[in-house]
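Chemist: In the UniProt record's numbering, the protein residues as written are 2 to 106.
Even for Gly, the Cβ is constructed at its ideal location relative to N, Cα and C.
Mind looking over this structure? Questions follow.
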Amino acid sequence: PTLIFIEHNGTQHQVSGAIGQSVMQAATFASVPGLPADCGGACACATCHAYVEEAWMQRLPAAEGMESDMLDYAFERRENSRLTCQLVISEAMDGLVIHLPESQF
Ligand code: FES
């Protein structure tokens, strides 16, 4: 599936992700900037925080427990905030658009 990352400055990155990989891993392998993911995907740092394009919100499983708690530490949490290390890529995510925050701090 192809994922589209849009940096805060508008730069777009098209990344092809593997099913079962996390959205954070796909971005990291493709060297998309802005997702330092300090904890390596353990849902313990919130520096893989990004915004899911509104139209996609309903199509993804909701953030639960640990992810939702950790999102409170993210920079400017919004309705559509997610931790990308907790989003597992599926075929249904082809075309998913992720907006990167201005900062991770
Ligand atoms: Fe640390 Fe996602 S990489 S919470």
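1) Pull up the distance between the alpha-carbon of A38 and that of V24, whole angstroms please.
2) Alpha carbon to alpha carbon, what distance is there between H14 and R83?
3) Which word fits A28, buried or exposed, when buried means at least 16 other C-beta atoms lie within 10 angstroms of its C-beta?
4) Hey, quick one: how far does the beta strand (DSSP E) through Q15 stretch, first residue to last?
5) Taking only three categories from DSSP, how would you classify S82?
6) Taking only beta-carbon positions, decide if D73 is within less than 8 angstroms of chain B.
7) Within this structure, are the beta carbons of V53 and N10 separated by less than 8 angstroms?
8) Take I90 as the anchor and find which of S17, E77, M71 and E103 has the nearest alpha-carbon.
Modeler: This is what the structure holds:
1) Spanning the two alpha carbons is a distance of roughly 11 angstroms.
2) Roughly 18 angstroms separates the two Cα atoms.
3) buried
4) Q13 to S17
5) Residue state, collapsed to three classes: strand.
6) The structure shown has no chain B; it contains just one protein chain.
7) no
8) Closest option to I90, Cα to Cα, is S17.
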